[in-house]
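Visitor: Heads up: the sequence shown at position 198 corresponds to 198 in full-length UniProt numbering, and the numbers run straight through without jumps.
The structure follows.
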Amino acid sequence: MSELTEKCTLARDAAQKLLSVSTAVKDRALDAIADALVERTDEIIAANELDLKNAEENGLRKSMMDRLRLTPERIKGIADGVREVRALRDPIGEVTGMWTRPNGLQIGRRRVPMGVIAIIYEARPNVTVDAAALCLKTSNATVLRGGKEAVKSNTALMRIMQDAAYAAGIPEGTLNIIEDTSRETATALMKMNGYIDMLIPRGGKGLIKSVVENATVPVVETAAGNCHVYVDGDADLSMAADIVMNAKVQRPSVCNAAETLLIDRSIADKFVPVIFDKLRAAGVELRADEAAKSISPEGVKDAAEDDWYTEYNDYILAVKVVDGVDEAIAHINKYNTKHSEAIVTESYTKAQKFLNEVDAAAVYVNASTRFTDGNEFGFGAEIGISTQKMHARGPMGLEALTSVKYIIYGSGQIRE
């Protein structure tokens, strides 16, 4: 039996047992996981250093190294995220509606686990813990397959979580990680019908495309984050500069970082020199259209058509001057990945137009796109950011990991 089949079988069996596990036991396990992550920080750091060394030798770019790196502070933050999930209300068993039919039948709708949730992701070891915690809280078993860059970190994190959770009363087989990081195993996981109830890919455009095209199990499509900030003609330019810098520079390797800046032509002469100087000082490479480049050309590259489609995950920003909010919306809807988009404006009318017409999972007025995150939305850790429109959209917290069943109470009714 292959590792994949063995662990999917364990997860399938555990999912059935989880239906009888109480909220108290799950919360006790989450507390134990959080404590163990902090207590065994040295073990995690040692494994992560091996991954970082291998990644550096293989030429992983700087921004992706940042995603991979774990520090004691980041590990504490991950553990705090587990505690936040533990503190959330358990949605399993919640009756979201109850009504009585004319024939006396009482019909209710109850939240239930999905069953077995698989996640394929890249060089982000924090996802290992986030996914496990959210699935555990919602009584789902997990099968995780991380990228080769983080395999030692992911394996160490999973071992620590398994030790803590199983000692607290969680069924063995609930938490699983696939250590074989080959492409063939990832493809096989996409086709584990009968074992996997929902597959969530988290990563770059290539990974998402591969999963969507090859999976035969149900998939929640997440997407690369080609996010935009549009600075309107009625914007507070000081606020706009702060938002642009935060959206691009605060952590450029993540999916909610801005990749394109759109500037209204009416304020371009004022705003371009200021924001370009700030971005240059932060080490950002600028790729601009002719209108923006002509205002402040120093070190600016010409933007090509491909730049408007690109998620850089790096200190690179595409810039375009547009003729008002309508052109900004049209540009965004053509090139975006339906992730997160922002407008900076003091105009209520244009803000509402942007909110209504931009097609994205999260749309902001006068705030950075960097807030698209389960924790920032009050969901605790997130399992991914869905950019599709079916079942779940945006940051996926606990409720997104549940399904429903209908429960019907009768008193002898038969259908005629």
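Just so it is clear, CB atoms sit at the ideal spot from N, CA and C, and this is done for glycine as well.
According to the neighbour-count rule (16 or more other Cβ atoms, all chains shown, within 10 Å of its Cβ), is residue 428 buried or exposed?
Guide: Outside the displayed range of the chain (1 to 416) lies residue 428, so it cannot be described from this structure.
Visitor: Rounded to the nearest angstrom, what separates D264 and S386 at their Cα positions?
Guide: If you take the alpha carbons of D264 and S386, they lie about 30 Å apart.
Visitor: When you compare the CB positions of M245 and I275, do they come within less than 9 Å of one another, or not?
Guide: Yes, they are a contact pair.
Visitor: Could you give the C-beta distance for D69 and N54, rounded to a whole number, given that I count them as a contact under 8 Å?
Guide: Checking the sequence, you will find Arg at residue 69 rather than Asp. R69 to N54, Cβ: 13 Å. No contact.
Visitor: Indicate whether the contact test is met: 3 or more Cβ pairs, each with one atom in the stretch 352 to 363 and one in the stretch 193 to 203, closer than 8 Å.
Guide: With a cut-off of 8 Å, the stretch 193 to 203 and the stretch 352 to 363 do not count as touching, because too few Cβ pairs lie within range.
Visitor: Could you have a look at V254 and say whether DSSP puts it in helix, strand or coil?
Guide: Residue state, collapsed to three classes: coil.
Visitor: Alpha carbons only, please: which of P113, E3, E56 and R67 is nearest the one belonging to A400?
Guide: The option with the nearest alpha carbon to A400 is P113.
Visitor: Please report the distance separating the alpha-carbon of D236 from that of Y309.
Guide: Each residue's alpha carbon lies about 28 Å from the other.
Visitor: Leaving out the 5 sequence neighbours to the left and right, which residues in its chain are closer than 7 Å to R40 when beta-carbon positions are compared?
Guide: Within the same chain, R40 has close Cβ partners I160.
Visitor: Would the beta-carbon of K248 fall within 9 Å of that of A291?
Guide: Cβ distance not < 9 Å, so K248 and A291 don't count as in contact.
Visitor: Excluding the 5 residues flanking V404 on each side, which residues of the same chain have their C-beta closer than 8 Å to its C-beta?
Guide: Counting only Cβ-Cβ distances below 8 Å, and skipping sequence neighbours, we find T96, R109, R110, R111 and V112.
Visitor: Is it the case that the Cβ atoms of V231 and A240 are separated by a distance below 9 Å?
Guide: Yes.
Visitor: Between M158, D289, A288 and G397, which has its C-alpha nearest C34's C-alpha?
Guide: The amino acid occupying residue 34 in the given sequence is Ala; Cys does not appear at that position. Of M158, D289, A288 and G397, the residue nearest in Cα terms is M158.
Visitor: Round the Cβ separation of A24 and T174 to the nearest angstrom and send it over; I've been treating them as touching at under 8 Å.
Guide: The Cβ separation is near 16 Å, so there is no contact.
Visitor: Pull the bridge partners of I243 from the DSSP assignment, please.
Guide: Answer is none; I243 lacks a bridge partner.
Visitor: If the criterion is Cβ atoms closer than 9 Å, does the pair G397 and L105 meet it?
Guide: No, Cβ-Cβ distance for G397 and L105 is not below 9 Å.
Visitor: Out of curiosity, what's the CA-to-CA distance linking S20 and N140?
Guide: If I take the Cα positions, the gap works out to 12 Å.
Visitor: Along the chain, where does the alpha helix (DSSP H) that runs through L175 open and close?
Guide: Here L175 belongs to no alpha helix (DSSP H); instead the beta strand (DSSP E) covers L175 to I177.
Visitor: Quick test of your reading: Y315 and P273, contact by CB under 8 Å. State the CB separation rounded to the nearest angstrom.
Guide: No, Y315 and P273 are not in contact; Cβ-Cβ is about 20 Å, not under 8 Å.
Visitor: So, using beta-carbon positions, are V143 and K7 closer together than 9 Å?
Guide: Cβ atoms of V143 and K7: closer than 9 Å.
Visitor: I'd like the span of the alpha helix (DSSP H) that includes A291, first residue to last.
Guide: From DSSP, the alpha helix (DSSP H) with A291 extends over E290 to I295.
Visitor: So, is R202 buried or exposed, given that buried needs 16 or more other C-beta atoms within 10 angstroms?
Guide: Label assigned to R202: buried.
Visitor: When we look at the beta-carbon of T349 and count the other beta-carbons within 10 Å, is it buried (16 or more) or exposed?
Guide: That one is exposed.
Visitor: Under a Cβ-count criterion, where at least 16 other Cβ atoms within 10 Å of its own Cβ denotes burial, should Y121 be classed as buried or exposed?
Guide: Classification of Y121: buried, given that the 10 Å Cβ count is 16 or more.
Visitor: Is the separation between the beta-carbon of I45 and that of P72 shorter than 9 Å?
Guide: Yes.
Visitor: Have a look at E57 and K152 and give me their C-alpha separation to the nearest angstrom.
Guide: So the alpha carbons of these two residues sit roughly 15 Å apart.
Visitor: Pull the bridge partners of Q106 from the DSSP assignment, please.
Guide: BP columns for Q106 point to T100 and Y409.
Visitor: Is I385 helix, strand or coil by DSSP?
Guide: I385: strand per DSSP, three-state reduction.
Visitor: N176: buried (16+ other C-beta within 10 angstroms of its C-beta) or exposed?
Guide: Buried is the call here.
Visitor: Within this structure, are the beta carbons of V229 and A258 separated by less than 9 Å?
Guide: Yes, they are a contact pair.
Visitor: Quick check on this structure: which residue in Y406, A32 and G394 has the alpha carbon closest to the alpha carbon of T222?
Guide: Nearest of Y406, A32 and G394 to T222, Cα basis: G394.
Visitor: Check Y309 in the structure and name its three-state DSSP category.
Guide: Three-state result, Y309: helix.
Visitor: Is it right to say R145 is buried, meaning 16 or more other beta carbons lie within 10 angstroms of its own, or is it exposed?
Guide: Buried: at least 16 other Cβ atoms inside 10 Å.
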